[in-house]
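Visitor: Okay, here's the structure, questions in a sec.
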Amino acid sequence: MPLSSLAPAPPPVPTRRAVDSDRRRTSASAILRSVLAHGPVARSTIARLTGLSPASVTDHCNRLTALGLIQEAATLRRSNGVGRPHVPVDLDDSRFVVGGVHVAVPYTTVALLDLRGRVVAERRLNHGEGKKEGDVLADAASGLNTLLAAAPDRVPLGVGVATGGWVDRDSGTIVEHPLLGWRDVRAREVIHALTGLPVHVDGHARALVNGERLFGRTAGGGRSLLHLFVGNVVDAAFATHDEVHHGPRSQSGAIAHLPLAGGTERCDCGRTGCLQAELSERTLCRRAREAGVVRTSDPMHVLAAAADGDPVAVRLLLHRARMVGRAAGLLLDVLNPDTVVVTEMGAVHREDCLAALREEVGPDRAAAVVPTSFPDSVLAVAGGSVALDVLYRDPLSASSSTPSSTLSIRSSGSSPGTI
Ligand SMILES: [Zn+2]
1 MPLSSLAPAP PPVPTRRAVD SDRRRTSASA ILRSVLAHGP VARSTIARLT GLSPASVTDH
61 CNRLTALGLI QEAATLRRSN GVGRPHVPVD LDDSRFVVGG VHVAVPYTTV ALLDLRGRVV
121 AERRLNHGEG KKEGDVLADA ASGLNTLLAA APDRVPLGVG VATGGWVDRD SGTIVEHPLL
181 GWRDVRAREV IHALTGLPVH VDGHARALVN GERLFGRTAG GGRSLLHLFV GNVVDAAFAT
241 HDEVHHGPRS QSGAIAHLPL AGGTERCDCG RTGCLQAELS ERTLCRRARE AGVVRTSDPM
301 HVLAAAADGD PVAVRLLLHR ARMVGRAAGL LLDVLNPDTV VVTEMGAVHR EDCLAALREE
361 VGPDRAAAVV PTSFPDSVLA VAGGSVALDV LYRDPLSASS STPSSTLSIR SSGSSPGTI
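See below:
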């Protein structure tokens, strides 16, 4: 037997292709992220920021330009006034949008977001009494189609769906959302069938971590970040080095039944003082109704009463903020993140609530706690971020796979919900 036949076989071609394709995806992602964070930016600066060769940056910029994701910026920049002018590149935010769907307990938010994560259109769809999951999702798809029909110059790249509870990203399923009473709802399948667009589904706490990573105040930090979402659903998400932790079947972040010291609220699970029961907006509204502050179940009315100087409303909000601070402290003990982003109505809209929350966390760690970067659009951003995260991770395939199906739908002029 000739010795050469004992030599290891060369790797099969597909493997090398897979490696090349991985590298292309990673490079394109790094370049698009860099343009998002620094644009308008010179290609030479992108090369320095990403560690890629100038030739590779030029090549990728050409591809991203051909796809319509970036463009040469209008202004010319000269380096020290001599030599060839450097034409910086910037995002082309005029053409593409993504759809965002966020399913809350009382209503669904549908929105269109541009490539900078800015909300360009938004609608709230109330669930009403006893509406089933199929109807809620059909309404969401119809709402999105209406927003798209009103923006004929925009091309949708895909749809992101976010909600609380247990959401499995890989199967596109809302596995369990106890407050809605949903189990194994195939949200990806349903929304795709009704819009014709690629659909991605994730938990809203994780979606908002991606929103913060891409578009928030701490964007591009790449450090560890914990997000605590406190609405009717209370859940959390954690990311290190740009990666959000999902765990098996995307079950991470389920903190609804963690015990909260000092909690007095009875939980459906039979115990008292579970985090979600204690902190949920339902509980806040019920306490506010019992105290005669409001007559509704809308937490914004409690906030409005506090803004009007109602001392009981202020006290309820401050108490809730302190309890949220206690929950944040627990999670800080477990995970020790660099930053804790809190999405909680009081802390987002009132300085005194944010101060109370930070005081409860303690002076050493108070500075690590910040409110969401999206105070006025957090639910729209949650939905849209699911799709934008996919785009920024793999811009070459996420943007090149859409137009044919999209354009046929967009030009058909059919009424929303019949697609
Ligand atoms: Zn419980």
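Letter 370 of the sequence shown, counting from 1, is numbered 370 in the working numbering, and no numbers are missing.
By construction, the Cβ of each residue, glycine as well, lies at the ideal position given by its N, Cα and C atoms.
Cβ-heavy atom distance between H177 and ligand 1 below 7 Å?
Guide: False, no ligand heavy atom lies under 7 Å from that Cβ.
Visitor: Would you check whether ligand 1 has a heavy atom nearer than 7 Å to the C-beta of R282?
Guide: Look at R282: its beta carbon is at least 7 Å from all of the heavy atoms in ligand 1.
Visitor: Where does the unbroken alpha helix (DSSP H) through T54 begin, and where does it stop?
Guide: Sequence check: residue 54 is Pro here, not Thr. Note, P54: alpha helix (DSSP H), 54-66.
Visitor: Assuming contact is defined by CB atoms lying nearer than 8 Å, are N145 and T195 in contact in what I supplied?
Guide: Taking C-beta atoms as the reference points, N145 and T195 count as a pair closer than 8 Å.
Visitor: Taking G143 as the reference, which of G99, R118, T26, P106 has the closest Cα?
Guide: G99
Visitor: Return yes when the C-beta of H257 is under 7 Å from any heavy atom of ligand 1, and no when it is not.
Guide: yes
Visitor: Cα separation between R192 and K131?
Guide: Before going on, a small fix: residue 192 reads as His here, not Arg. In a straight line, the C-alpha of H192 is about 20 Å away from that of K131.
Visitor: From G309 to E344, what distance separates their C-alpha atoms?
Guide: Straight-line Cα distance between these residues: approximately 20 Å.
Visitor: Expressed to the nearest angstrom, what Euclidean distance is found between the alpha-carbon atoms of L335 and A151?
Guide: 43 Å
Visitor: Once you ignore the five residues that flank A368 on each side, which residues in its own chain have a CB closer than 6 Å to its CB?
Guide: Answer for A368: T339, V340, listed in chain order.
Visitor: Please confirm whether A321 and G346 have their CB atoms less than 8 Å apart.
Guide: Yes. Within cutoff.
Visitor: Alpha carbons only, please: which of D376, D394, A398 is nearest the one belonging to V120?
Guide: Of D376, D394, A398, the residue nearest in Cα terms is D376.
Visitor: Which residue marks the beginning of the beta strand (DSSP E) containing H200, and which one marks its end?
Guide: 199-203
Visitor: When DSSP builds the beta bridges, which residues end up paired with A259?
Guide: Looking at the sequence provided, one finds Pro at residue 259 rather than Ala. Paired residues: C274.
Visitor: For ligand 1, any of its heavy atoms closer than 7 Å to the Cβ of A277?
Guide: yes
Visitor: Can the beta-carbon of V199 be found closer than 8 Å to that of V159?
Guide: yes
Visitor: Pop quiz: D92 and G68 are said to be a contact at Cβ under 8 Å. What is the actual Cβ separation, rounded to whole angstroms?
Guide: 6 Å
Visitor: Taking the continuous beta strand (DSSP E) assigned at H245, which residues delimit it?
Guide: Per DSSP, H245 belongs to no beta strand (DSSP E) and is neither H nor E.
Visitor: Indicate, with yes or no, if ligand 1 has a heavy atom lying under 7 Å from the CB of R271.
Guide: yes
Visitor: Would the beta-carbon of R267 be found less than 7 Å away from any heavy atom of ligand 1?
Guide: The sequence shown places Cys at residue 267, not Arg. Indeed, a heavy atom of ligand 1 lies less than 7 Å from the Cβ.
Visitor: Classify N210 as buried or exposed, calling it buried when 16 or more other Cβ atoms lie within 10 Å of its own Cβ.
Guide: buried
Visitor: Distance, Cα to Cα, L318 vs L332?
Guide: 21 Å
Visitor: Using 8 Å as the threshold, is the C-beta distance between F215 and L226 below it?
Guide: Taking 8 Å as the Cβ cut-off, F215 and L226 do not qualify as a contacting pair.
Visitor: Cβ of C61 within 7 Å of any heavy atom in ligand 1?
Guide: no
Visitor: Is the closest heavy atom of ligand 1 to the C-beta of C285 under 7 Å?
Guide: no
Visitor: Kindly identify the DSSP beta-bridge partner or partners of F96.
Guide: V155
Visitor: What number of angstroms, rounded off, separates the C-alpha of H257 from the C-alpha of A306?
Guide: Those two C-alpha atoms are separated by around 29 Å.
Visitor: From the DSSP output, which residues share a beta bridge with E344?
Guide: V230
Visitor: Starting from P371, follow the beta strand (DSSP E) in both directions and report where the run begins and ends.
Guide: 369-371
Visitor: For R188, which residues in the same chain have their Cβ closer than 6 Å to its Cβ, ignoring the five residues on either side in sequence?
Guide: A distance below 6 Å between beta-carbons, with the five flanking residues on each side excluded, links R188 to the following residues of its chain, in chain order: G172, V199, V201.
Visitor: Using the Cα positions of G203 and V97, report the straight-line distance between them to the nearest angstrom.
Guide: If you draw a straight line from the Cα of G203 to the Cα of V97, it is about 21 Å long.
Visitor: Pop quiz: C61 and V89 are said to be a contact at Cβ under 8 Å. What is the actual Cβ separation, rounded to whole angstroms?
Guide: 6 Å
Visitor: Tell whether a beta-carbon distance below 8 Å holds between A37 and A219.
Guide: yes
Visitor: Measure the C-alpha to C-alpha separation of A28 and S53 and round it to an integer number of angstroms.
Guide: 13 Å
Visitor: What separation, rounded to the nearest whole angstrom, lies between the Cα atoms of V361 and A66?
Guide: 49 Å
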